[in-house]
Amino acid sequence: MMHPRFSSSHFRMLNPSNIYLRLFSNGFDTSPPILFDLILRSDWSAAMKRVSMHPNEARYRHPRGYTILHCAVESGAPLDFVKAMVNAFPQGLGIKDWKGRSPRDVALYNETKDFLNKAEHNELSGSAKVLVDSPSVEAGENYEVILQIERLKGEVSLLESSCQRIRERIGFINYKTKEYLKYSAKSCD
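Residue numbering for the sequence shown follows numbering that gives the first Met the number 0, beginning at 0 and increasing consecutively.
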């Protein structure tokens, strides 16, 4: 059963900036990963396989700030799946959504909340130091910054093309103005 707050059609809506980013970005897809759709459908066995095969998808963060972990615990994901998600992206424990809620705050089940409390405590105390030192997790920490830079690159490219069109129009207007002035000068003679 899909949670009413999250509908897959809501996340598949396209606007011009999404289309532009999808066509011209440098390898960053702005659409949610497959893991996100599996969680929305509460297909926990397929989601478990997906997170084990593609742990980088656990790093996805919606523009409203919530992560896939937020969606999973709010949808009542089994504890073993939540553990797999935390192992894939431990920094997700501290990420707050647009309302300032952490995954622990939105979790449905007490056992999930207890696990998230312990995992968050371990993450903050440095018990997960081995995970944090790995390059893939470090890249995950910077993923949001990189994604924002890519979005800004797309906006800059859009602005550059708009400026180029404006320059061309100004050039055309200058040309027509010069022609008009020549014509006016000839007609006054």
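Just so it is clear, CB atoms sit at the ideal spot from N, CA and C, and this is done for glycine as well.
All of these numbers come straight from a predicted model, not from anything done at the bench.
- In its chain, beyond the 5 residues on either side, R60, G91 and I94 have a beta carbon closer than 6 angstroms to the beta carbon of T66.
- The DSSP-derived three-state label of R60 is strand.
- Rounded to the nearest angstrom, the gap between the Cα atoms of E73 and P62 is 17 angstroms.
- Between L78 and H53, the CB-CB gap reaches or exceeds 8 angstroms.
- Out of S30, G64, R58 and A83, the CA that lies nearest to the CA of A46 is found in A83.
- By the C-beta density criterion, D113 is exposed, having fewer than 16 other C-beta atoms within 10 angstroms.
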